[in-house]
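Following this note's numbering, the numbering of the sequence shown begins with -2 at its first residue and continues without gaps. Backbone N, C-alpha and C define an ideal beta-carbon position, used for all residues, glycine too.
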Amino acid sequence: MAYERQNIQRMAGYVPGEQPADADVIKLNTNENPYQPAEPVLQAMRGVEAEALRRYPPPTAMPFREAAAELHGVHPENILATNGGDELLRLLITTFVEPGESIGVTEPSYSLYPVLAAVQDAPVVRVALHDDWSMPDDLAEQMNAAGVKLTLVVNPHAPSGTLADVATLRALATQLDGVLVIDEAYVDFVDPDLGYDAVGLVREMANVVILRSLSKGYSLAGLRFGYGIGSAGLIEPMLTKTKDSYNTDIVSQRVATAAIRHRDLAIRNCEAVRRERASMTEALAKLGLSCPPSQSNFVLASVPDDCAGGAKALHEALKQQGIFVRYFDQDRLRDKLRITIGTPRQNHALLEALQAQVKPVPQPQSNPPQNDR
Ligand SMILES: *Cc1c(COP(=O)(O)O)cnc(C)c1O
């Protein structure tokens, strides 16, 4: 007999992207940053002394919260440090949604959201995005009508990479009855010329929490560190009641604090990713694989059915050659591949492999000129 709760018996777990043991593969499937963390960040890790390991860490990661507050122009009471952005998602759901109350998501988006909702036994209200992956104007209306307590929006959007502007998010937050979570896991890759900064919404509104992650922009996916930025009223119950007593360890606190103090170094790597993103998008388009404009560290390439047998077959063929990209077997994504932007060398290898797989579009037969006039 099973001992777990019925909703746990019924649910399926999150399926992470493959992490092949072979270090030689070209891994463009889980949106890791292809560049190393900055040297001062590595020094912070090496500098963790035995005494720091013997003792418990600062329970709310105050040194990190102070550094993050300074970076964003908010107060430490607006910051919650978590074991990856994923822990923040779990805390938001367990703190703000009663079992049986609804969570709202746009579709498609991050596949962890419904998994965490299922753990809380909270039904999921799914609203389809437009064909260009933008949010419908009546999104808040639909969520409110369905009694949604917490709405999760990922911006830049995953898996398309498209960006909604701050005005759209402000309108959404204003109209929603419940909490709005803006998942900004990929925000470090947004072109700074766009002037995108949603943190102002946290100062203006009581119902907004922004998720940040050090996994992508700061090249620290292995560290497991993320944080929330929100009104003190939203942060406080998670900080003092629902998070684990010591949810982030001393090594990750030290490394994460160094990482955001040296944000300028991470930003240089993000710039390199942006440059590669532009050339990758162009090169894919030339091969007949079009991508919506991405402000993230991945692109979502559409694979025509007659091209290399379609997206699924192409995904397998690339894998056979040691090149991993992500295929999602779900509505609206079955004809697409999500490709993480790698180093120039990795991207080149992918494009070479694609060139060999993707048959050039057949040119119309040029018939010999006929004298029919
Ligand atoms: C990566 C990611 C996160 C957070 O990841 P962590 O590694 O737990 O910080 C959150 N949302 C989306 C959409 C992501 O891709």
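| Query | Result |
| --- | --- |
| Below 5 Å from a heavy atom of ligand 1 - residues by beta-carbon | Gly81, Gly82, Asp83, Tyr107, Val151, Ala155, Asp180, Ala182, Ser210, Ser212 and Gly223 |
| Identity of the residues DSSP links to Thr159 by a beta bridge | Thr159 pairs with nothing; no bridge assigned. |
| Helix, strand or coil at Leu372 [DSSP, three-state] | With the chain covering only -2 through 370, there is no way to say anything about residue 372. |
| Given 8 Å, three or more beta-carbon pairs between the region 245 to 258 and the region 29 to 38 | yes |
| Thr165 to Asn294 span [Cα, whole Å] | 22 Å |
| Whether Asn30 touches Gly227 by CB criterion (8 Å) | no |
| N- and C-terminal bounds of the beta strand (DSSP E) containing Val296 | Phe295 to Ser299 |
| Helix, strand or coil at Arg209 [DSSP, three-state] | strand |
| Burial state of Arg323 (16 or more Cβ within 10 Å) | buried |
| Alpha carbon of Gln317 to alpha carbon of Val296, nearest angstrom | 21 Å |
| Start-to-end residues for the alpha helix (DSSP H) that takes in Val270 | Arg260 to Lys283 |
| Proximal residues to Ala115 (C-beta, below 7 Å), its chain only, five neighbours per side dropped | Asn4 and Met8 |
| Ala58 (DSSP reduced to helix, strand or coil) | coil |
| Residues of its chain near Val145, where Cβ-Cβ distance is below 6 Å and the 5 sequence neighbours each way are ignored | Ser99, Gly101, Val122 and Gly175 |
| Coil, strand or helix - Ala137 by DSSP | helix |
| Collapsed DSSP secondary structure at Lys316 in the structure displayed | helix |
| Exposure of Arg370, with buried meaning 16 or more beta-carbon neighbours within 10 Å | Bear in mind that a pLDDT of 43 at Arg370, under 50, signals an unreliable position, so the number given afterwards is only what the model happens to contain. That one is exposed. |
| Per-residue DSSP class, three states only, for Lys333 | strand |
| Inter-residue spacing [alpha-carbon to alpha-carbon] between Asn266 and Tyr32 | 7 Å |
| DSSP-derived helix/strand/coil call for Ala253 | helix |
| Status (buried if at least 16 other CB within 10 Å, exposed otherwise) for Thr278 | buried |
| Endpoints, the alpha helix (DSSP H) within which Ile232 is located | Ala229 to Pro234 |
| Exposed unless 16 or more other CB atoms sit within 10 angstroms - verdict on Lys333 | buried |
| Beta bridge counterpart(s) of Ser99 as assigned by DSSP | Val145 |
| Beta-bridge partners of Lys24, as assigned by DSSP | Phe321 |
| Residues near Ala125 by beta carbon distance below 7 Å, same chain, minus five either side | Glu104 |
| From Gln343, Met235, Asp246 and Val151, residue whose alpha carbon lies closest to that of Arg51 | Asp246 |
| First and last residue of the uninterrupted beta strand (DSSP E) at Val124 | Val121 to Ala125 |
| Classification of Met59 by the beta-carbon crowding that lies within 10 angstroms, buried from 16 upward | exposed |
| Anticipated Cβ contact below 8 Å, Ala269 with Ile23, distance rounded | Actually they do not touch by this definition, with Cβ atoms about 17 Å apart. |
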